[in-house]
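In what follows, a structure is listed as structure tokens, so that the remarks can point back to it.
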Amino acid sequence: TETDGIFTNLPVIIFDDFTTYCRFVDFQFKVKSSAVKFLKERFPEKNDIKFLFEKLSTLKLTTVGGDHKRRWISEYSKKKVLLPKSKQEQSKIAEILSTVDKAIEQTEGLIAKYRRIKTGLMHDLLTRGIDEQGNIRSEETHCFKNSPLGRIPVEWEVVTWKECCTRIQDGTHFSPKTDSNGKIKYITSKNIKFGYIDLSEVEYIDHKQHKGIYQHCPVKKGDVLLTKDGANTGNCALNTFDEEFSLLSSVAFLRPNKSSLISEYLFQFILSNRGQNMIKDAMSGLAITRITLKIINSFFIKLPSVQEQKKIVSILSSFDKKIKSDNRNLMKLKNIKTALMQDLLTGKVRVTKLLEKEAEAAV
7 TETDGIFTNL PVIIFDDFTT YCRFVDFQFK VKSSAVKFLK ERFPEKNDIK
57 FLFEKLSTLK LTTVGGDHKR RWISEYSKKK VLLPKSKQEQ SKIAEILSTV
107 DKAIEQTEGL IAKYRRIKTG LMHDLLTRGI DEQGNIRSEE THCFKNSPLG
157 RIPVEWEVVT WKECCTRIQD GTHFSPKTDS NGKIKYITSK NIKFGYIDLS
207 EVEYIDHKQH KGIYQHCPVK KGDVLLTKDG ANTGNCALNT FDEEFSLLSS
257 VAFLRPNKSS LISEYLFQFI LSNRGQNMIK DAMSGLAITR ITLKIINSFF
307 IKLPSVQEQK KIVSILSSFD KKIKSDNRNL MKLKNIKTAL MQDLLTGKVR
357 VTKLLEKEAE AAV
């Protein structure tokens, strides 16, 4: 039954014997996997279980994974760890780390909330748009017509990407020799993430190689970059760089005709569920995960007036800014948590003075 096998002896640490993933749980739950271990403090009067969880989460494997070995039995249960003798000190450390955990959880919740709202808005705005009064259109109050992409406002058109872009081109089909001393960025599909360009692992080439590539593929600021080959096919980003860079053939650039289509609108359309599904459908049944330039040129897009495109982009971009800002805050919080764990869980920084102040204040 639903009530059978529910674990109620809380709080507890759950530990996956194969993956070594662990989690602190303070709510009732049911586990069906035999690989999950339930860990409780042996001496609750001496040890704080939340502190023990934080300590456990810092332990690393000394063996290579993939051997399907039960880690708790073979390795983790035998590890020796450094603990404060005082349970009070353990609890204070756990309290500090839990405060940061709560801030991380709240920030992650905000990001998820904004993403959900944006997804809903993308469906409405890229399907029905907004009228002169700033209201989302509906068939009850506005005129719609049939199109290859379903019902659309009468003011809109459906065109192919070829019809609304002045250039659709991929990068070089010959991989240049990368050079750590090179000055020109060499962008490949690994650098194009879902909505942004990631330069954390960018490579460089020299000017001579870049010159030959750029003659064939002159990427400009404002172009939309779209991954067309590999597992990341469908990822896209806006080129916000002023300087030139070289592009590999796994990435295409799309340059909209500004008189009918703005880059930001095309960018948001590709990121939408409809845009992503269109790309996935084009790859259906193919042995290789890729879309050709011919396929890209043939894609359809719903096209409002440029003025309405700008309004739609303004709304969607406002959520992108919130998500980006909260992601930065999330990264800072995670860095703070890592630094605190390194200091507090190793004894490098003690919390004894905090405990002394609390004791004095309580007198």
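With positions in the sequence shown counted from 1, the corresponding number in the numbering used here is that position plus 6. C-beta: ideal position from N, C-alpha, C; glycine also.
With distances taken Cα to Cα, identify the nearest neighbour of residue i among the options.
i	options	result
K234	I190, T172, F275 and I297	I297
F273	M128, A367 and V87	M128
Q96	I285, G135, D54 and G240	D54
V165	A258, Q313, D332 and N303	N303
K93	L267, E366 and L361	L361
Q215	D185, A243 and Q175	D185
V160	T172, I211, D137 and R173	D137
E249	L89, D229, G126 and M284	D229
D107	Y192, F57, Y120 and E366	F57
N25	F275, I276, S331 and A41	First, the residue type needs correcting, since residue 25 is Thr and not Asn in the sequence shown. The candidate whose alpha carbon is nearest that of T25 is A41.
E111	E366, A345, D332 and T358	D332
S269	C171, K151, K46 and S181	C171
W162	R173, Q175 and R143	R143
Go ahead and label residue i buried or exposed: buried means 16 or more other beta carbons lie within 10 angstroms of its beta carbon, across all protein chains shown.
i	result
L2	What the structure shows of the chain is the stretch from 7 to 369, and residue 2 is not part of that stretch, so it cannot be assessed.
H179	exposed
L309	buried
T239	buried
C149	exposed
I219	buried
D326	buried
Y27	exposed
F49	exposed
R77	buried
T147	exposed
T64	exposed
D204	exposed
E366	exposed
N141	exposed
A118	exposed
From the DSSP secondary-structure annotation, give me the bridge partner or partners of residue i.
i	result
V312	In the DSSP output, where bridge partners are listed per residue, V312 has none listed.
Y192	E209 and S252
R143	Answer is none; R143 lacks a bridge partner.
D176	A258
V355	In the DSSP output, where bridge partners are listed per residue, V355 has none listed.
C28	F21
K151	I158
V164	K308
K36	I12
R296	D235
C171	P262
Compute the Euclidean distance between the alpha carbons of residue i and residue j, then round it to the nearest angstrom.
i	j	result
T14	Q34	5 Å
Q348	K354	8 Å
E207	K183	16 Å
T7	K300	Any reading at T7 needs caution, since the residue's pLDDT is 49, under 50, leaving its predicted position unreliable; the model's value is listed next. Approximately 56 Å between the Cα atoms of the pair.
K3	N263	What the structure shows of the chain is the stretch from 7 to 369, and residue 3 is not part of that stretch, so it cannot be assessed.
K168	F30	53 Å
K370	L232	Absent from the structure is residue 370, since the part of the chain shown begins at 7 and ends at 369.
Y124	G177	A small fix is needed here, since residue 124 is Lys in this sequence, not Tyr. Distance between the alpha carbons of K124 and G177: 31 Å.
S323	I307	19 Å
L351	D32	22 Å
A293	G236	11 Å
K226	F247	8 Å
V18	L103	17 Å
N335	T194	28 Å
L244	K66	39 Å
S311	I158	13 Å
In terms of residues, what are the limits of the alpha helix (DSSP H) holding residue i?
i	result
A109	K93 to L131
F44	First-last for F44: V42 to L45, but that is the beta strand (DSSP E), not the alpha helix (DSSP H).
I20	That residue, I20, is in no alpha helix (DSSP H); its beta strand (DSSP E) goes V18 to D22.
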